[in-house]
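Here the sequence shown is numbered in my numbering, starting from 1 and rising by one per residue.
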Amino acid sequence: MSVTEEMICITCPMGCTLEVTHAGKEVLNVEGNSCPRGVHYAQAELTDPRRMVATTVKVQSGLHPLVPVYTAAPIPKPLIFELLAQLRQIEINAPVETKQVVLANVLGTGINVIASRDMPERVGE
Ligand code: SF4
């Protein structure tokens with residue numbers, strides 16, 4: 001039996017609204033996509049939905065107490081809660097460099113969490 005559901009493609013800023021008809025995990029038809037990537041997005045949403053994760057981690061002796069970080073690639077949605085829990089436990093030492101790996105091979109995915117900016121050491125205490 002097939003069903004049709006609405007999805008928002010988040011592959012690019014256009015954010016097309018997709019009408020996806022599928023039978024279980026098999027995509028039968030996609031409408032509303034402005035480019036072929038919308039079809040790939042719909043298929044991935046049904047079989048292996050993933051998201052980029054951006055948050056902050058604590059920095060010891062940093063100019064600021066937190067540094068923004070993000071996943072280098074989208075990670076499976078079911079792992080996001082556990083990843084955020086792990087990142088809340090982490091405290092890294094300043095100085096931090098942009099693109100520095102903060103957490104490697106997140107939950108065995110092969111994906112790293114990296115810093116999105118420099119965080120220099122705090123001086124003159
Ligand atoms: S279908 Fe294509 S144009 Fe539309 S949001 Fe997805 S990637 Fe962007």
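Cβ coordinates follow ideal geometry from the N, Cα and C atoms, glycine included. From a predicted model like this one, the values you see are computed outputs, not experimental measurements.
Option nearest residue i by Cα separation, candidates the options
| i | options | result |
| --- | --- | --- |
| G110 | G24, I75, R117 | I75 |
| N33 | R51, T11, S116, H22 | T11 |
| P78 | V69, M1, E6, V106 | V106 |
| E82 | G108, L46, T21, V27 | G108 |
| C35 | Y70, P49, P13, T55 | P13 |
Close Cβ partners of residue i (< 8 angstroms) along its chain, the five nearest in sequence each way excluded
| i | result |
| --- | --- |
| L8 | It is Ile, not Leu, that sits at residue 8 in the sequence shown. Here the set comprises G15, C16, T17, L18. |
| V122 | The sequence given here has Arg at residue 122, not Val. Same-chain partners within the cutoff: S61, G62, L63, A94. |
| I90 | V57, K58, V102, L103 |
Whole-number beta carbon distance between residue j and residue i, since they are thought to touch under 8 angstroms
| i | j | result |
| --- | --- | --- |
| L87 | V67 | Actually they are not in contact, since the Cβ atoms of L87 and V67 sit about 11 angstroms apart, beyond 8 angstroms. |
Spatial neighbours of residue i in its chain, beta-carbon cut-off 7 angstroms, leaving aside the 5 residues before and after
| i | result |
| --- | --- |
| I80 | R51, V53 |
| Y134 | Since the first and last residues shown for the chain are 1 and 125, residue 134 lies out of range. |
| E5 | V20 |
6 angstroms Cβ shell around residue i - same chain, five flanking residues per side excluded
| i | result |
| --- | --- |
| A23 | S2 |
| V101 | N112, I114 |
| D118 | E97, T98 |
Contact with chain C by residue i, beta-carbon distance below 7 angstroms
| i | result |
| --- | --- |
| V101 | Judged by its chain identifiers, the structure shown contains no chain C, having just a single protein chain. |
Self-check item: Neighbouring residues (CB closer than 5 angstroms to any heavy atom of the ligand SF4)
Solution: C9, T11, C12, M14, C16, N33, S34, C35, R37, G38
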